[in-house]
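Residue numbers (this note's numbering), protein chains in the order written: chain A, 1 to 113; chain B, 1 to 115. In this text, a Cβ means the ideal position worked out from N, Cα and C, and glycines have one as well. To start, the structure itself, in structure tokens.
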């Protein structure tokens, strides 16, 4: 079956530091890959996505590249801000599975001044 | 963007009681909603797919008689945890599919603690 593995948190960074949150996946066929973010007290929101190999999703300074050869979709940001503090979820939607998503465990990011 | 309201955000109940969690789409009609559960340090796991006007489709291993899902209107789906036990303590999240595409919007989740 499909699965998503992401690094355990929490990740604590100083403002303006570089961020990487690792995500690897197992799936048959050609899944679509997503990063969702959950800010305190709010629902998960789609941050970015990529639907085929070598696609790069980007939004709000965050980027992730769909790497089929390494089955990875690592999230990166060059300079984090305090407002980026949240929980980040990597997810995939398998081929032919409509809108069913398979999620990772989530990684909590805490950015300090 | 579309708004999905989930209520309550947290609930504490005694073992053996039933708890109802509501998921509402506030500014759109959702024919399909999903219910997820997350145990500490584990992934969000899909429990069931809720379709308006029909029976929910449950994922393997999820007890349909324990987790009752009702999607009687286009803006409301409810999850009732019947005869709750401490092992049902978890974080429950709903999401709604926004027509006509496949965008998903999520509620803020419900933390259930069963004593």
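Nearest to residue 112 of chain A by alpha-carbon distance, out of A:21, A:53, A:30, A:81, is A:81. For residue 19 of chain B, the enclosing beta strand (DSSP E) has its first and last residue at 19-25.
For residue 106 of chain A and residue 90 of chain B, the gap between their C-alpha atoms comes out near 15 Å.
Neighbours of residue 92 of chain A in chain B, taken as residues at a C-beta separation under 7 Å, are lacking, since the least C-beta distance is about 11 Å.
Cα atoms of residue 24 of chain A and residue 94 of chain A: separation of roughly 14 Å, rounded to the nearest angstrom. Residue pairing for residue 6 of chain A: DSSP places it in a beta bridge opposite A:23. Between residue 49 of chain A and residue 41 of chain A the beta-carbon gap is near 24 Å, outside 8 Å, which marks them as no contact. C-alpha of residue 110 of chain A to C-alpha of residue 3 of chain A: approximately 25 Å in a straight line. The three-state secondary structure of residue 42 of chain A, taken from DSSP, is coil.
Residue burial annotation: residue 95 of chain B is buried, with at least 16 other C-beta atoms found within 10 angstroms of its C-beta. When the alpha-carbon of residue 22 of chain A is set against those of A:73, A:53, A:45, A:31, the nearest one is in A:73.
Per DSSP, the unbroken beta strand (DSSP E) holding residue 71 of chain B starts and ends at 67-73. For the segment 99-113 of chain A, the set of residues with a beta-carbon nearer than 9 Å to any beta-carbon of chain B comprises 99, 100, 101, 102, 103, 104, 105, 106, in chain order.
In terms of beta-carbon proximity, residue 108 of chain B lines the interface with chain A, with at least one pair separated by less than 8 Å.
Only 41, 42, 43, 44, 46 from the segment 34-64 of chain B bring a Cβ to less than 7 Å from some Cβ of chain A. Residue 4 of chain A belongs to the set of residues whose beta carbon lies under 8 Å from a beta carbon in chain B. Using beta-carbon distances, residue 75 of chain A does not count as an interface residue toward chain B, since no partner is under 8 Å.
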